[in-house]
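Sequences listed follow chains A and B, in order.
Positions 8 to 227 (our numbering) are the ones given, in order, by the first sequence.
Positions 75 to 430 (our numbering) are the ones given, in order, by the second sequence.
Let me begin by presenting the structure, written as structure tokens, before commenting on it.
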Amino acid sequence: MDAQTLLKLLGEGTVQTLIMTLVGTLVSYMIGLPVGVSLITSSPNGIRPMPVYNKVMGFIVNVIRSMPFLILMIAFMPYIRILIGTGIGTAATTAALILAAWPFVARMVEQSLLEVDPGVIEAAQAMGASNMQIIRKVLLLEARPSLLNGAAVATITILGYSAMAGTLGGGGLGDIAIRFGHYRFQPTVMWITIIVLVVLVQIMQEIGIRVAAKLDNRIN
Amino acid sequence: MAENIISLQGVTKEFTTKSGPVVALRDINLDIERGDSYGIIGLSGAGKSTLVRTINLLEEPTEGKVLFDGRVLTGLKSKELNLQRRKISMIFQQFNLLMQRDAVGNICFPLEIAGVPKAEAVAKAEELLKVVDLEERAHSYPSQLSGGQKQRVAIARALASDPEVILCDEATSALDPKTTRSILTLLRKINEERGITLVVITHEMGVIKQLCNKVAVIEGGEIVERGPVKEIFANPKTKAARKLFFPDAGEREMPHVRTAVKNRLRLAFNEQTAYKPIIANMILEIGEPVNMLYANMDALLDEQKGQMVIALSDDKEIAEKQKAYLMKEGVNFTEIPEDSDYYDYPVNGPEEEVSE
């Protein structure tokens with residue numbers, strides 16, 4: 008394979024990986040963030056305890072989290088195929104990513120919100136804040152730096168999942184590493200994709216740390 | 075007579091713990107009048123923090139009613155309760171400020187909750203920063219402020235919603251003595267100048283003396299004694315009250331006050347008698363010395379109050395003369411029986427109610 012073809016391949020793979028990762032992360036947060044918040048508010052010491060919901064949702068999250076991503080993806084592929092019409096490529100991989108990642112995101116969010124001082128929540132309640140106001144103005148705002156750090160970790164994890172999905176014809180950098188690096192014995196391609204992945208992870212982690220620190224008013 | 079702004083009627087609070095139910099409050103009846111600065115004092119675990127939290131229903135009573143300004147709060151829907159809560163502000167031992175907002179942002183918070191337009195809220199916050207003497211820290215974050223400054227921001231935040239009551243939960247317990255004094259002065263000013271009712275939870279007598287006109291002593295989840303601070307200070311009827319009001323007269327520091335001396339009297343001086351050299355005059359007139367075992371002067375708001383334990387002459391006749399002299403001078407006293415604890419007998423004699 009000449010350098011130009013390789014470059015084009017890598018460029019396409021990187022774009023696919025980034026799209027899968029970003030869309031996957033975004034949708035995972037659209038599901039995981041509300042679920043994470045609800046796990047906090049419905050807990051016995053939460054602002055609106057709902058023991059049954061808390062137990063059931065906690066159980067669902069744990070079940071999905073206990074399945075290794077590749078197994079989960081293979082197990083759910085038939086249903087994903089029914090749902091979106093295809094079992095391979097970036098669309099199918101993104102669906103699998105979301106399925107695997109939202110419970111992870113929910114737990115990350117839950118952990119971040121646990122760091123919010125219960126005294127501040129109590130103060131807001133004493134002021135007559137509604138539960139919705141407490142969630143929006145106290146929980147999410149006070150936990151913002153931790154939520155952003157968590158988001159960086161979640162994005163990187165989802166990037167890793169997307170690379171794994173490549174082994175099952177998922178597209179992106181993982182796909183290139185498997186198809187060319189492994190099946191066609193081209194170690195150079197393998198190592199180049201690894202390097203690209205490392206660079207992507209570094210960039211995401213740096214962005215996460217910097218944005219979180221910039222938006223944290225506790226440190227000055 | 076001012077009307078009651080807060081009224082607790084038969085309030086009981088039970089917590090369920092792993093080792094069974096625990097009664098934190100038992101049948102509390104308490105009326106707080108508009109404009110009062112009402113102290114609630116007790117040792118830790120007495121139930122005072124739970125008590126103050128039942129007033130704004132952060133703790134829902136297991137039994138009983140809570141009235142605010144004549145309105146029953148218990149059983150209100152959360153929407154209506156939230157509207158009432160805006161008139162009852164609260165300040166805390168740990169300040170409980172939002173760490174991600176600056177001083178102005180924190181003070182605006184209750185206004186935001188109430189839906190006040192932002193420009194109006196900011197203007198009010200800046201005005202309130204002047205009240206608490208912190209104008210120059212408007213855009214500092216809590217992590218950049220000292221404990222006293224944080225509590226000033228919290229007080230400004232409490233004032234923002236124009237409350238009728240401020241609940242102070244150990245508001246000075248995390249502060250050093252000098253800062254404590256300045257915060258208490260500020261709270262007293264707010265009480266006097268704005269007529270805002272204060273409910274002051276504390277374990278420190280000094281806070282009550284500097285800030286409150288009335289006090290309730292709470293022990294084991296029950297109010298054991300209550301009344302104007304001056305009266306309770308002059309004549310604490312229960313052992314719990316005496317222990318809180320005169321902690322340093324305890325047996326550990328002064329065993330001689332407790333038992334070793336005979337013919338002991340416990341004297342109480344009020345505004346009229348505190349400034350006169352009554353004991354010195356008595357010694358000169360009767361010509362017999364007295365043994366002074368304990369003495370303490372204190373300022374309650376602006377009044378002087380004193381406590382003293384003396385031992386009279388062994389000669390019965392002279393002792394009678396000494397007592398007659400004290401009575402003539404208007405000093406309240408009680409005889410402390412031999413071998414009994416200093417705390418066991420109130421000034422007006424053991425016949426009055428003494429709780430365990």
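For glycine and all other residues, C-beta sits at the position ideal for the given N, C-alpha and C.
For residue i, name the three-state secondary structure that DSSP assigns.
i      : result
N355/B : helix
M134/A : coil
M37/A  : helix
L488/B : This structure cannot settle anything about residue 488/B, because the visible part of chain B is limited to 75 through 430.
V227/B : helix
K62/A  : helix
K379/B : strand
A398/B : helix
L90/A  : helix
Q83/B  : strand
V190/B : coil
L14/A  : helix
G96/A  : helix
P110/A : helix
M371/B : strand
M74/A  : coil
A103/A : helix
E412/B : coil
E19/A  : helix
R100/B : strand
P95/B  : strand
A120/B : coil
S429/B : Only weak support is given to the placement of S429/B: the predicted model assigns it a pLDDT of 41, under 50, and the value that follows is read from those uncertain coordinates. DSSP places S429/B in coil when its eight states are reduced to three.
A248/B : coil
G53/A  : coil
E122/A : coil
E107/B : strand
L339/B : strand
Within a Cβ cutoff of 7 Å, which residues of the same chain sit near residue i, ignoring the five residues on either side of it in sequence?
i      : result
K87/B  : A98, L99, T124, T128, E133, P135 and T136
T28/A  : T162, I165, L166 and S169
Q346/B : G404
S153/A : S119 and E122
L155/B : L131 and L147
M371/B : A348, Q378 and G380
What whole-angstrom Cβ distance do residue i and residue j have, given they're in contact under 8 Å?
i      : j      : result
D344/B : E129/A : A quick correction: the sequence has Asn, not Asp, at residue 344/B. Not quite, the Cβ-Cβ distance comes to about 41 Å (not below 8 Å), so this is no contact.
P216/B : K224/B : 6 Å
G135/A : R159/B : 4 Å
I282/B : G113/B : 4 Å
G33/B  : L249/B : Residue 33/B is absent from the model: chain B starts at 75 and stops at 430.
A348/B : Q378/B : 4 Å
L17/A  : I216/A : So it is not a contact: roughly 27 Å between Cβ atoms.
Under 8 Å Cβ to Cβ from residue i, same chain only, skipping five residues before and after it: list those, please.
i      : result
Q396/B : M356, I360, E362, V364, L386 and S387
R72/A  : P110, F111 and R114
T97/A  : Q23, I26, M27, G177, G178 and G179
V145/A : V123, V127, I128, A131 and A136
Using 7 Å as the threshold, is the C-beta distance between residue i and residue j below it?
i      : j      : result
A188/B : A212/B : no
E149/A : Q174/B : yes
T21/A  : V205/A : no
G173/A : G181/A : yes
V206/B : I229/B : yes
I115/B : I80/B  : no
I87/A  : A99/A  : yes
L272/B : S111/B : yes
I165/B : A245/B : yes
V140/B : L82/B  : yes
L341/B : V405/B : yes
E412/B : K336/B : yes
I181/B : A199/B : yes
L79/A  : R151/A : no
A159/A : M211/A : yes
I275/B : V126/B : yes
L261/B : L285/B : yes
Return the chain-ordered list of same chain residues with a C-beta closer than 6 Å to the C-beta of residue i, the five sequence neighbours on each side being excluded.
i      : result
A314/B : V291, E293 and V298
M37/A  : none
E394/B : none
V218/A : L155
D101/B : G84 and T86
With hydrogens ignored, establish whether the beta-carbon of residue i is closer than 6 Å to any heavy atom of the ligand HEM.
i     : result
M64/A : Of ligands this structure carries none, so the ligand HEM is not represented either.
(request) May I have a chain-ordered list of the beta strand (DSSP E) segments no shorter than 3 residues that lie completely inside the stretch 261-337 of chain B? (result) Runs of the beta strand (DSSP E) lying entirely within the stretch 261-337 of chain B, each at least 3 residues long, are 271-276, 288-293 and 296-302 in chain order.
(message) My parser needs the alpha helix (DSSP H) runs of 4 or more residues fully inside the stretch 138-207 of chain A; what are they?
(response) Listed in chain order, they are 151-172 and 179-183.
(request) Note down, one range per segment and in chain order, each beta strand (DSSP E) of at least 3 residues found wholly within the stretch 130-168 of chain B. (result) You should have 137-142 and 162-166.
(message) Just to confirm the assignment: which complete alpha helix (DSSP H) runs, minimum length 4, are found wholly within the stretch 196-240 of chain B?
(response) Counting only runs of 4 or more residues that sit fully inside the stretch 196-240 of chain B, the alpha helix (DSSP H) segments are 221-234, in chain order.
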